[in-house]
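In my numbering, the protein residues as written are 22 to 377.
Take a look at the structure set out below.
Dropping the structure here:
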């Protein structure tokens, strides 16, 4: 373990030296990547110094016990050695987790899509409930939500809704939500009081930054049209809405939530980059999903990941067999415990891989 930590510390020092090199600072793309790597390594470097200091303390205690004759000093050394060895075991476990290679996309913002699936109006209402659940969770995490596009359901909720989430390590937390979410309850539209099963699909993508995707604007067809829906005098009178078509892939992105065509264009480009990035990223996720049950939803979006049972106030995550019996709190955004459990399960699988 010490060898690994020393290698990481050497890399940290190397990055520090490169960041002070004028040739590197002149290359913005390279400098941004180095800055991110440098920041990511800081917690590991701190752990390395703390671990090294603890090993020095253990060595000093052992040395004292082998040479010291004074019983009082020997007793103090024994006590410190026992405490330090206990700390060492705990610290080594924490460092093992820290040394698991992070998915480079975990630190990114996220683009989330929720679509009402099987179940008609009830599926749209459930999609709306899921959107509220994620909104409340993001609020508690102090993340910012920005709605990109939506189509309302005829009885409430959404046929589909797409929104951006910005904050710290957003994708790393929300990525586990991708997949089919199933609800069992008596719909508001049901007159006989029977329990129905409906579903909504959730897709979570890492937001692609300009540095991630080489987008040739010559491959993009741009069209403008009048926005529809609420928005004041500008709606239906100015061509502020933007539709982009990426000719090589056929991907189409429409944006109309801003009054300014320029702002709609900027947001549409972010979504288009994300869609292009998704194509490559999906290949990577499919490889992971074949190895890890916790990530199966991200690799295969048709996979049923969770059931929300209203009559029994029960939530079950099928990937790790997690069940809780406080559905109202969960739907109010208290989903952190489940996300923590999914992260722990994934880390355990990663540790097995690294040992294997």
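Cβ atoms here follow ideal geometry from the backbone N, Cα and C, with glycine treated the same way.
What does the Cβ neighbour count give for residue i, buried or exposed, with the cut at 16 atoms within 10 Å?
i	result
residue 208	buried
residue 239	exposed
residue 56	exposed
residue 247	exposed
residue 164	buried
residue 342	exposed
residue 140	buried
residue 371	buried
residue 268	exposed
residue 87	exposed
residue 317	Below a pLDDT of 50, predicted positions are generally treated as unreliable, and residue 317, at 40, falls in that range; the measurement from the model is reported next regardless. Residue 317 comes out buried.
residue 46	exposed
residue 28	exposed
residue 270	exposed
residue 53	exposed
residue 150	buried
residue 22	exposed
residue 285	buried
residue 216	exposed
residue 69	buried
residue 34	exposed
residue 253	The pLDDT assigned to residue 253 is 44, lower than 50, so where the model puts this residue is not dependable; a value taken from the coordinates is nonetheless given after this. By the neighbour-count rule (16 or more Cβ atoms within 10 Å), residue 253 is not buried but exposed.
residue 44	exposed
residue 94	exposed
residue 357	exposed
Please identify the residue among the options whose C-alpha is closest to the C-alpha of residue i.
i	options	result
residue 30	81, 51, 224, 65	65
residue 152	354, 369, 345	354
residue 130	195, 110, 82, 91	195
residue 362	33, 349, 337, 178	337
residue 324	102, 339, 69	339
residue 147	161, 175, 128	175
residue 82	104, 68, 67	104
residue 101	346, 80, 61, 90	80
residue 60	70, 78, 37	37
residue 166	345, 145, 132	132
residue 145	292, 156, 172	172
residue 62	345, 198, 121	121
residue 290	77, 234, 301	234
residue 360	162, 294, 181	162
residue 72	110, 159, 228	110
residue 301	126, 160, 344, 199	126
Three-state secondary structure (DSSP) at residue i?
i	result
residue 149	helix
residue 349	helix
residue 139	coil
residue 361	helix
residue 37	helix
residue 326	strand
residue 227	strand
residue 244	strand
residue 121	coil
residue 318	Caution is warranted here: a pLDDT of 40 is assigned to residue 318, below 50, making its placement in the model unreliable, and no coordinate value can be reported.
residue 270	coil
residue 114	helix
residue 102	helix
residue 170	strand
residue 22	coil
residue 162	coil
residue 334	coil
residue 47	coil
residue 70	helix
residue 56	helix
residue 62	helix
residue 128	coil
residue 263	strand
residue 275	strand
residue 281	coil
residue 133	strand
residue 253	Bear in mind that a pLDDT of 44 at residue 253, under 50, signals an unreliable position, so the number given afterwards is only what the model happens to contain. Helix.
Flag this pair as yes or no: are the beta carbons of residue i and residue j separated by less than 8 Å?
i	j	result
residue 260	residue 282	yes
residue 297	residue 226	no
residue 205	residue 330	yes
residue 75	residue 112	yes
residue 222	residue 327	no
residue 288	residue 186	no
residue 241	residue 220	no
residue 142	residue 193	no
residue 183	residue 134	yes
residue 263	residue 245	yes
residue 128	residue 190	yes
residue 294	residue 366	no
Give a yes or no on whether the minimum CB-CB distance between residue i and chain B is below 8 Å.
i	result
residue 293	Going by chain labels, chain B is absent from the structure shown, which holds only one protein chain.
Shorter than 7 Å, the distance from the beta carbon of residue i to the closest heavy atom of the ligand MN, or not?
i	result
residue 214	With respect to the ligand MN, the structure offers nothing, as it holds no ligand at all.
Legend entry - Contained beta strand (DSSP E) runs [length at least 3] in the segment 176-215, N- to C-terminal order: 179-187, 200-206
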